[in-house]
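Protein chains in written order, with this note's numbering: chain A, 15 to 130; chain B, 659 to 771. All C-beta atoms, glycine included, are put in the ideal place defined by N, C-alpha and C.
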């Protein structure tokens, strides 16, 4: 069964802490994404990556950074967590452009992050 | 005005009912349309994928696209309690542009016994 695995289901952090959210996919997908999901706002794209060591800003990158050192792993970093970053974080992956299916996203189960 | 509009619900129906879930959109360039199902405290999973206008059927699920009206629908026949979830529509203009996917905010569906 293909999978996108996020390292934590629930996280509680304090304001100012550095937070790492890890995501691993076993489908050999080129594309990986980080979204946050908030009630009434839906899914918003934070960062994405089309290849190893490559990253692009999404719609709401402020306060976040990412790392993709290996094809299967995409990490989201909150440099200094703030209360407005309390949210559900979803990692997704998809096949590369040219495959005709790169918009078919496979999501992980999500990490509910609370920043106190 | 949002690019994709979706009624948040909740929509409550009895088991066995036909359910209609809908999204409207404003960008006429959208050509690829998807429906995702998201169970509580889980990530979304792709349910249906359609290109351009027309219908696509998969078991109890039918996806319908009307580009002239900028309106897409997901029909669920013989609804089951296991269909209780939030349904998200998503769309984009070109394949190869997953970063440009636009999601609706989701409709919460509850199927009661």
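DSSP state of residue i mapped onto helix, strand, coil
i	result
residue 672 (chain B)	strand
residue 756 (chain B)	helix
residue 52 (chain A)	strand
residue 696 (chain B)	strand
residue 740 (chain B)	helix
residue 659 (chain B)	coil
residue 29 (chain A)	coil
residue 763 (chain B)	coil
Chain-ordered neighbours of residue i on chain A, where CB pairs are closer than 8 Å
i	result
residue 762 (chain B)	56
residue 704 (chain B)	118, 119, 120
Cross-strand partners of residue i (DSSP beta bridge)
i	result
residue 721 (chain B)	B:714, B:732
residue 104 (chain A)	A:49
residue 688 (chain B)	In DSSP, residue 688 (chain B) forms no bridge with anything.
residue 726 (chain B)	According to DSSP, which records beta bridges pairwise, residue 726 (chain B) is partnered with nothing at all.
residue 768 (chain B)	B:670
residue 683 (chain B)	B:662
residue 705 (chain B)	DSSP lists no partner for residue 705 (chain B).
residue 748 (chain B)	B:692, B:761
residue 90 (chain A)	A:35, A:80
residue 125 (chain A)	A:103
Residue i: contacting residues in chain B (beta-carbon distance under 7 Å)
i	result
residue 62 (chain A)	757
residue 123 (chain A)	700, 701
residue 59 (chain A)	757
residue 45 (chain A)	756
CB-CB length for residue i against residue j, believed under 8 Å
i	j	result
residue 750 (chain B)	residue 662 (chain B)	Between residue 662 (chain B) and residue 750 (chain B) the Cβ distance is about 11 Å, and since that is not below 8 Å, they are no contact.
residue 677 (chain B)	residue 733 (chain B)	7 Å
residue 79 (chain A)	residue 30 (chain A)	So it is not a contact: roughly 16 Å between Cβ atoms.
residue 59 (chain A)	residue 684 (chain B)	No, residue 59 (chain A) and residue 684 (chain B) are not in contact; Cβ-Cβ is about 19 Å, not under 8 Å.
residue 131 (chain A)	residue 61 (chain A)	No answer is possible for residue 131 (chain A): the residues shown for chain A start at 15 and end at 130.
residue 731 (chain B)	residue 722 (chain B)	4 Å
residue 706 (chain B)	residue 748 (chain B)	Not a contact, Cβ separation roughly 10 Å.
residue 736 (chain B)	residue 674 (chain B)	6 Å
residue 709 (chain B)	residue 689 (chain B)	6 Å
residue 65 (chain A)	residue 83 (chain A)	Not quite, the Cβ-Cβ distance comes to about 12 Å (not below 8 Å), so this is no contact.
residue 77 (chain A)	residue 96 (chain A)	7 Å
Residues that residue i contacts on chain A, provided the C-beta gap is smaller than 7 Å
i	result
residue 750 (chain B)	117
residue 707 (chain B)	118
residue 690 (chain B)	117
Interface partners of residue i on chain B, CB under 9 Å
i	result
residue 72 (chain A)	757
Contacts that residue i makes with chain B (C-beta to C-beta distance below 8 Å)
i	result
residue 108 (chain A)	756
residue 25 (chain A)	Those within 8 Å of residue 25 (chain A) in chain B number zero; the least Cβ separation is about 14 Å.
residue 104 (chain A)	701, 702
Worksheet item: Is it a yes or a no for the region 29 to 42 of chain A touching the region 87 to 102 of chain A, going by three-plus beta-carbon pairs under 8 Å?
Response: yes
Worksheet item: Do the region 114 to 124 of chain A and the region 739 to 747 of chain B make contact, defined as three or more Cβ pairs closer than 8 Å?
Response: no
Practice prompt. Assess, as a yes-or-no matter, whether the region 663 to 670 of chain B is touched by the region 90 to 106 of chain A under the definition of 3 or more beta carbon pairs within less than 8 Å.
Written response: no
Worksheet entry | the region 19 to 32 of chain A in contact with the region 118 to 130 of chain A per 3-pair CB rule at 8 Å | yes
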